[in-house]
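Working notes for the structure below.
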Amino acid sequence: MKRARRKETTGTNQKRLTKKEDEKDPFSIIPLNLIVEILMKIPTKSVASLVLVSKKWLSIIRRKDFIKLYMSRSSNRTRLLFTIFRMHVREQFLQTCSQVDPSSNDHRHRLNIAQHRMHVYAFSPPIRGLICRQMDSKVVIANPSTGQLLTLPRVKTVRREEHQVYTLGGGQQKWRMIECEHPHLPPPTSCLPAKCICINGILYYYAWIQNEGALISFDLISEEFNTIKLPEDINCLVNYNGKIAISSLPTINGEVHIWVLEDASKQEWFRGTLSTGELIFSPVSCVKPFYFISYDLKENNAKKVVVEGIGDPHASLEVYFNHVESPMFLSN
1 MKRARRKETT GTNQKRLTKK EDEKDPFSII PLNLIVEILM KIPTKSVASL VLVSKKWLSI
61 IRRKDFIKLY MSRSSNRTRL LFTIFRMHVR EQFLQTCSQV DPSSNDHRHR LNIAQHRMHV
121 YAFSPPIRGL ICRQMDSKVV IANPSTGQLL TLPRVKTVRR EEHQVYTLGG GQQKWRMIEC
181 EHPHLPPPTS CLPAKCICIN GILYYYAWIQ NEGALISFDL ISEEFNTIKL PEDINCLVNY
241 NGKIAISSLP TINGEVHIWV LEDASKQEWF RGTLSTGELI FSPVSCVKPF YFISYDLKEN
301 NAKKVVVEGI GDPHASLEVY FNHVESPMFL SN
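Here the sequence shown stands for residues 1 to 332, numbered as in the UniProt record's numbering.
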């Protein structure tokens, strides 16, 4: 009986402490739906700093349904994401700006990345607001919107054909081995670097199978691999109207050939004159001022878009379009 009373007393004390904390918190009287609407109108970096306001706000901002709702609204105001490396000063940083008005200084974000020796570590294209890069045997996850960086546990491999996955925010904070019925390897370093693209929860990337190029798809839910035969050995992947496509480099006449995967299950590719959509072309070097060309296939016209404050003749740069800001807090 005494033990039961002690437990009951302890529980009562905890409730009293929680009640006192709520009374001290001026935001505790604000309805939940109103707090959410307030947060929806605040820049992502400011939302991340508001986790320090109170425990209530912390619990709201870290909720999965809040992150999903915030990103849904962010998808209507996509941004440009730049990864810039200045070799002469050994500086690498990320920068985002408005996609509608790239030269505007409103809500510009910059995240400096510590450099290791003189290597350039390429980042992956952004997926749901996050990007990653491999640095030797380490993998670093970054949220350009909140300014957070997270180094994952070191990858330990025995053979090159091994495949491992890491679930961010999962219960097990370690890499785990998964089976792959289609052994494949990264392309040799002599090839141009191939980027991965994620469409509707499926990750597509270029790889080699028995010294031949192939398109690999990885389902993020079922964690199953599949191979797709390429119509041409081209490793330039693009997202064309929600479908995976490969694009050749411009010819001497300025022509660009594109093959669109119409049906992944049947491995049917379509090649022809594209009549709708928008193609984006950006310079290989980091010219000053930096610009890109937007070509509207339907209207058959092109426009030059200048981005002030980005260009640097001594830097290398990559630009990603349709970046969606995420308030996701990075932690193991």
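By construction, the Cβ of each residue, glycine as well, lies at the ideal position given by its N, Cα and C atoms. Just so it is clear, the structure is predicted and the values come from calculations on it, not from any experiment.
Cβ-based neighbour list, residue i, same chain, cut-off 6 Å, excluding 5 preceding and 5 following
i: Trp208; result: Leu185 and Pro187
i: Ile131; result: Phe123, Ser124 and Ala142
i: Tyr70; result: Pro327
i: Tyr295; result: Leu279 and Ala302
i: Tyr320; result: Leu81, Pro125 and Pro126
Local conformation of residue i per DSSP, three classes
i: Ser316; result: strand
i: Glu212; result: strand
i: Thr227; result: strand
i: Lys55; result: helix
i: Asp65; result: helix
i: Arg271; result: strand
i: Arg154; result: coil
i: Val47; result: helix
i: Leu39; result: helix
Minimum C-alpha distance to residue i - residue among the options
i: Ser75; options: Met40, Trp57 and Ile197; result: Met40
i: Arg86; options: Ala315, Glu161, Val140 and Glu262; result: Ala315
i: Thr44; options: Ile30, Lys55, Asn33 and Arg62; result: Arg62
i: Pro153; options: Thr146, Ser46, Ser28 and Val140; result: Val140
i: Val256; options: Thr167, Glu212, Arg77 and Leu279; result: Leu279
i: Thr151; options: Leu58, Lys174, Arg79 and Arg159; result: Lys174
i: Lys55; options: Ser28, His163, Lys138 and Ser98; result: Ser28
i: Gly242; options: Glu37, Ser137, Glu262 and Leu230; result: Glu262
i: Val158; options: Ser137, Glu37 and Phe93; result: Ser137
i: Ser59; options: Val36, Thr78, Arg77 and Thr83; result: Val36
i: Asn112; options: Val100, Glu91 and Thr96; result: Glu91
i: Leu94; options: Ser145, Arg271, Arg176 and Met177; result: Ser145
i: Arg133; options: Lys195, Thr167 and Pro102; result: Lys195
7 Å CB neighbourhood of residue i in its chain, flanking five on each side removed
i: Thr273; result: With a pLDDT of only 49 at Thr273, under the threshold of 50, the placement of this residue in the model should not be trusted; the figure read from the coordinates follows. Hits under 7 Å: none found.
i: Gln267; result: Ile228 and Lys229
i: Gln304; result: The sequence shown places Lys at residue 304, rather than the Gln named in the question. Hits under 7 Å: Tyr291 and Ile293.
i: Thr78; result: Gln99, Asn322, His323 and Val324
Cβ neighbour criterion (16 or more within 10 Å) applied to residue i
i: Ala48; result: buried
i: Ile246; result: buried
i: residue 336; result: Beyond the ends of the chain as shown, which are 1 and 332, falls residue 336; an answer cannot be given.
i: Leu32; result: exposed
i: Val260; result: buried
i: Pro283; result: exposed
i: Leu34; result: exposed
i: Pro313; result: exposed
i: Leu81; result: buried
i: Leu317; result: buried
Contacting residues, own chain, Cβ-Cβ under 8 Å from residue i (five flanking each side not counted)
i: Ile216; result: His182, His184, Tyr204, Tyr205, Tyr206, Ala207, Phe225, Asn226, Thr227 and Ile228
i: Ser248; result: Glu232, Ile234, Cys236, Val256, His257 and Ile258
i: Gln148; result: Ala48, Ala142, Phe329 and Leu330
i: Leu162; result: Here residue 162 is Glu; the residue named in the question, Leu, does not match the sequence. Within the same chain, Glu162 has close Cβ partners Met177.
i: Glu212; result: Asp233
Residue i: CB within 6 Å of a non-hydrogen atom of the ligand FAD
i: Gln92; result: You won't find the ligand FAD in this model; it holds no ligand whatsoever.
Neighbour flag for residue i against chain B, beta carbons, 7 Å
i: Leu34; result: Although the question refers to chain B, the structure presented lacks it and comprises just one protein chain.
contact_flag[the segment 308-315, the segment 119-138] where n(CB pairs < 8 Å) is 3 or more: no
The segment 194-206 / the segment 220-227 touching (three or more Cβ pairs under 8 Å): Enough Cβ pairs lie closer than 8 Å, so yes.
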